[in-house]
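A.B. asks: Heads up: the sequence shown is residues 73 to 413, going by our numbering. Even glycine gets a Cβ: it sits at the ideal position worked out from N, Cα and C. I have a structure here, written as structure tokens, and I will follow up with some questions on it.
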Amino acid sequence: MVTLADVARHAGVSSSTVSYALSGKRSISRETRLRIERAITDLGYHPNAGARALAGKRSHIIALVVPLHTEVYVPTMMEIAIAVTVAAREHGYDVLLLTNDEGPDGVQRVAASGLADGVILMDVRLDDDRIPVLHAQRTPAALIGLPDDPGGLSCVDHDFAAAGALCADHLADLGHRDIAFIGYGSAVYRRHAGYAERTVNGFRDRAQHRGLRFLHRPCEGSYESTAGTLARILADRPDTTGFVVQNEAAIGPLLSLLRASGRTVPEDASVIAVCPDQLAEQHSPRLTSVTGPKKELGQVAVEQVMARIAALAAGAEPEDELALMPPELVVRESTGPAPHR
């Protein structure tokens with residue numbers, strides 16, 4: 073294993089000079105720094121996290137907190153997590169992935185240990201109880217999600233309210249007047265998941281503005297629960313011709329159930345989904361969808377947390393940043409003009 077002393081000998085400097093170059097504690101000449109960097113590259117030296125933490129008071133690790141609830145769409149969460157990992161490496165940082173739903177205790181443990189220089193939280197709730205821990209520890213943090221009170225934080229998220237509004241506008245423009253919103257299971261709304269509530273609120277506000285009759289029904293996503301949800305919708309509003317689906321698991325069952333009930337998509341019923349393009353393309357007919365960039369979420373979150381780390385290292389107060397990614401409507405074969413009654 074290559075040691076710091078090996079790097080020093082290769083560069084023709086003392087071990088303390090190499091340490092200063094890595095930690096940034098003292099200024100050294102540009103020529104000396106370049107020699108050290110060349111030696112590190114030539115020898116393949118990788119200082120361990122503990123040594124970096126002792127020398128420079130930085131671990132060069134970011135903790136990414138991703139509680140994997142059973143009702144979340146894991147492929148999307150993992151795509152964002154991979155984007156965070158790639159972006160962090162571009163800054164010379166590694167990522168510590170925490171997937172257990174440990175809540176405030178897990179965040180407290182990581183923040184107080186000094187193991188990570190910063191934290192990125194995912195699956196953010198509107199009243200997220202992990203946020204006070206970040207404030208108390210003065211931990212450089214970025215949120216992939218938007219709480220009710222983002223003060224003292226940097227946040228990046230899809231504009232879910234705008235996504236819900238796009239769905240309502242698209243169906244209204246096609247002449248649909250009775251629309252049902254099939255959402256996530258009730259547990260998601262009980263824990264006030266921001267992505268779920270903001271989408272419904274955006275849809276509801278725009279639907280009211282457009283004079284639409286609408287229902288919002290939670291759905292667990294299984295075939296049986298989707299069948300029950302659809303039966304209740306049609307019992308309450310038999311003239312429903314437009315369906316907005318945010319629960320990815322319910323999309324396939326809904327399409328099958330509509331066909332079984334004698335409703336052809338899109339001639340008799342239009343379906344629009346809030347889901348990734350890849351998922352929308354897998355169904356028959358291909359789904360009209362509202363989606364947003366996922367890779368960019370991870371990239372922006374890393375930039376935000378790095379800016380907060382740098383500000384605190386310089387003795388400055390970090391600037392709060394809020395970035396909302398605009399949604400994109402992609403029209404495919406699952407939506408069409410409302411049928412004449």
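Distance, Cα to Cα, Ala-244 vs Asp-340?
C.D. replies: For this step, residue 244 is matched to residue 172 along the sequence shown. For this step, residue 340 is matched to residue 268 along the sequence shown. Straight-line Cα distance between these residues: approximately 15 Å.
A.B. asks: Over the uninterrupted beta strand (DSSP E) stretch that includes Asp-415, give me the two end residues.
C.D. replies: In the structure as shown, the chain begins at 73 and stops at 413. Residue 415 is therefore absent and cannot be evaluated.
A.B. asks: Taking Cβ positions, are Lys-366 and Thr-148 nearer each other than 9 Å?
C.D. replies: As a working mapping, residue 366 is identified with position 294 in the sequence shown. As a working mapping, residue 148 is identified with position 76 in the sequence shown. Against a cut-off of 9 Å, the Cβ pair of Thr-148 and Lys-366 comes out as a contact.
A.B. asks: DSSP three-state call for Leu-225: helix, strand or coil?
C.D. replies: As a position in the sequence shown, residue 225 is number 153, starting the count at 1. Correct three-state label for Leu-225: coil.
A.B. asks: Is the number of C-beta pairs between the stretch 342-362 and the stretch 183-199 that are closer than 8 Å three or more?
C.D. replies: No, the stretch 342-362 is not in contact with the stretch 183-199.
A.B. asks: Check whether the stretch 281-296 and the stretch 213-220 are in contact - that is, three or more C-beta pairs closer than 8 Å.
C.D. replies: No, because fewer than three Cβ pairs between the stretch 281-296 and the stretch 213-220 fall closer than 8 Å, the two stretches do not touch.
A.B. asks: Just confirm the distance between the C-beta atoms of Val-167 and Val-179, as a whole number of angstroms; I'd bet it's less than 8 Å.
C.D. replies: Counting from one through the sequence shown, the residue named residue 167 turns up at place 95. Counting from one through the sequence shown, the residue named residue 179 turns up at place 107. Between Val-179 and Val-167 the Cβ distance is about 16 Å, and since that is not below 8 Å, they are no contact.
A.B. asks: Tell me, please, whether the stretch 337-352 touches the stretch 189-201 by the rule of three or more beta-carbon pairs shorter than 8 Å.
C.D. replies: Touching, no, given that fewer than three Cβ pairs across the two stretches are closer than 8 Å.
A.B. asks: Quick one: what does DSSP say Gly-236 is sitting in, helix, strand or coil?
C.D. replies: The residue you call residue 236 lines up with position 164 of the sequence shown. Residue state, collapsed to three classes: helix.
A.B. asks: Among the candidates His-281, Ala-410, Arg-309 and Asp-231, whose CA atom is the shortest distance from the CA of Pro-399?
C.D. replies: Counting from one through the sequence shown, the residue named residue 399 turns up at place 327. Checked all of His-281, Ala-410, Arg-309 and Asp-231; the closest Cα to Pro-399 is Asp-231.
A.B. asks: Under the assumption that Ala-352 contacts Val-372 (Cβ atoms under 8 Å), give the Cβ distance between them as a whole number of angstroms.
C.D. replies: Working through the sequence shown from its first residue, we reach residue 352 at position 280. Working through the sequence shown from its first residue, we reach residue 372 at position 300. Between Val-372 and Ala-352 the Cβ distance is about 24 Å, and since that is not below 8 Å, they are no contact.
A.B. asks: Should Gly-122 go down as buried or exposed, given a rule of 16 or more other Cβ atoms within 10 Å for buried?
C.D. replies: As a working note, residue 122 is residue 50 in the sequence shown. With a pLDDT of only 42 at Gly-122, under the threshold of 50, the placement of this residue in the model should not be trusted, and no figure is reported.
A.B. asks: Rounded to a whole number of angstroms, what is the C-alpha to C-alpha distance between Pro-338 and Ala-385?
C.D. replies: Within the sequence shown, residue 338 is the residue found at index 266, counting from 1. Within the sequence shown, residue 385 is the residue found at index 313, counting from 1. Using only the alpha carbons, I get a separation of about 57 Å.
A.B. asks: Measuring alpha carbon to alpha carbon, tell me which residue in Arg-102, His-242, Val-74 and Ile-154 is nearest Gly-408.
C.D. replies: Within the sequence shown, the letter at position 336 stands for residue 408. When only C-alpha atoms are compared, the closest one is His-242.
A.B. asks: Do the CB positions of Ala-159 and Gly-190 come within less than 9 Å of each other?
C.D. replies: Taking the first residue of the sequence shown as 1, we reach residue 159 at position 87. Taking the first residue of the sequence shown as 1, we reach residue 190 at position 118. Going by C-beta atoms, Ala-159 is not nearer than 9 Å to Gly-190.
A.B. asks: For the stretch 167-176 and the stretch 101-114, state whether three or more C-beta atom pairs, one from each stretch, are separated by less than 8 Å.
C.D. replies: With the cut-off at 8 Å, the stretch 167-176 and the stretch 101-114 do not touch.
A.B. asks: Residue ranges of each beta strand (DSSP E) run of no fewer than 3 residues wholly in the stretch 291-325, ordered along the chain?
C.D. replies: 314-317, all fully within the stretch 291-325.
A.B. asks: What does a CB cutoff of less than 7 Å around Gly-274 pick up in its chain, not counting 5 residues either side in sequence?
C.D. replies: The residue labelled residue 274 in the question sits at position 202 within the sequence shown. So the qualifying residues of the chain are Phe-232, Ala-233, Ala-234, Ala-235, Gly-236 and Ala-237.
A.B. asks: Cutting at 8 Å between CB atoms, please list the residues of its own chain near Asp-201, excluding the five before and the five after it.
C.D. replies: Along the sequence shown, one-based indexing puts residue 201 at 129. Result list for Asp-201: Gly-175 and Pro-176, in chain order.
A.B. asks: Could you tell me which of Arg-404, Ile-305, Ala-265 and Val-228 sits nearest to Ile-152, measuring between CA atoms?
C.D. replies: Counting from 1 along the sequence shown, the entry for residue 152 is found at position 80. That would be Val-228, whose Cα lies nearest to the Cα of Ile-152.
A.B. asks: I want to see whether chain C comes within less than 9 Å of Gly-164, judged by CB atoms only; does it?
C.D. replies: The question asks about chain C, but that chain is absent: this structure has only one protein chain.
A.B. asks: On a Cα-Cα basis, can you pick out the residue from His-82, His-132 and Ala-299 that is closest to Leu-94?
C.D. replies: In the sequence shown, residue 94 corresponds to position 22, counting from 1. Measuring from the Cα of Leu-94, the nearest candidate turns out to be His-132.
A.B. asks: Out of Thr-298, Gly-266, His-281 and Pro-390, state which residue places its alpha-carbon closest to the alpha-carbon of Pro-325.
C.D. replies: The residue labelled residue 325 in the question sits at position 253 within the sequence shown. Residue Thr-298 is the option with its Cα nearest to Pro-325.
A.B. asks: In the structure shown, what three-state DSSP assignment does Ser-258 receive?
C.D. replies: As a position in the sequence shown, residue 258 is number 186, starting the count at 1. DSSP places Ser-258 in helix when its eight states are reduced to three.
A.B. asks: Can you list, in chain order, the residues of its chain with a C-beta nearer than 6 Å to that of Ile-108? Leave out the 5 residues immediately preceding and following it.
C.D. replies: For the purposes of this step, residue 108 is taken as the residue at position 36 of the sequence shown. Ala-83, Val-90 and Ala-93.
A.B. asks: Apart from the five residues on each side of it in sequence, which residues of its chain come closer than 8 Å, Cβ to Cβ, to Ser-88?
C.D. replies: Position 16 of the sequence shown, counted from the first residue, corresponds to residue 88. Around Ser-88: no qualifying Cβ.
A.B. asks: Does the beta carbon of Val-144 fall short of 8 Å from some heavy atom of the ligand NAD?
C.D. replies: Ligands in the displayed structure: none, and consequently the ligand NAD is not present.
A.B. asks: Measure the C-alpha to C-alpha separation of Val-374 and Leu-106 and round it to an integer number of angstroms.
C.D. replies: Against the sequence shown, residue 374 aligns to sequence position 302. Against the sequence shown, residue 106 aligns to sequence position 34. If I take the Cα positions, the gap works out to 27 Å.
A.B. asks: With H, G and I counted as helix, E and B as strand and the rest as coil, what does DSSP make of Glu-405?
C.D. replies: Reading the sequence shown from its first residue, position 333 is the one you call residue 405. Three-state result, Glu-405: coil.
A.B. asks: If we require 3 or more residues per run, which beta strand (DSSP E) segments fall completely within the stretch 351-407?
C.D. replies: Entirely contained in the stretch 351-407, the beta strand (DSSP E) runs reaching 3 residues are, in chain order, 360-363, 394-397 and 400-402.
A.B. asks: Buried or exposed: which applies to Gln-280, given that a residue is buried once 16 or more other Cβ atoms fall within 10 Å of its Cβ?
C.D. replies: Working through the sequence shown from its first residue, we reach residue 280 at position 208. Gln-280 comes out exposed.
A.B. asks: When you compare each of Leu-206, Ala-383 and Ala-268 to Asn-319 by their alpha carbons, which one comes out closest?
C.D. replies: Against the sequence shown, residue 319 aligns to sequence position 247. Asn-319 has its Cα closest to that of Ala-268, out of Leu-206, Ala-383 and Ala-268.
A.B. asks: Compute the Euclidean distance between the alpha carbons of Ser-99 and Thr-211, then round it to the nearest angstrom.
C.D. replies: By 1-based counting over the sequence shown, the position of residue 99 is 27. By 1-based counting over the sequence shown, the position of residue 211 is 139. Approximately 27 Å, taken between the alpha carbons.
A.B. asks: Can you check which of these residues, Ala-382, Met-397 and His-207, is closest to Arg-130 by C-alpha distance?
C.D. replies: Mapped onto the sequence shown, residue 130 falls at position 58. Nearest option by C-alpha distance: Ala-382.
A.B. asks: Tell me which residue opens and which closes the beta strand (DSSP E) that Ala-214 is part of.
C.D. replies: Against the sequence shown, residue 214 aligns to sequence position 142. 213-216 is the span of the beta strand (DSSP E), which, as asked, contains Ala-214.
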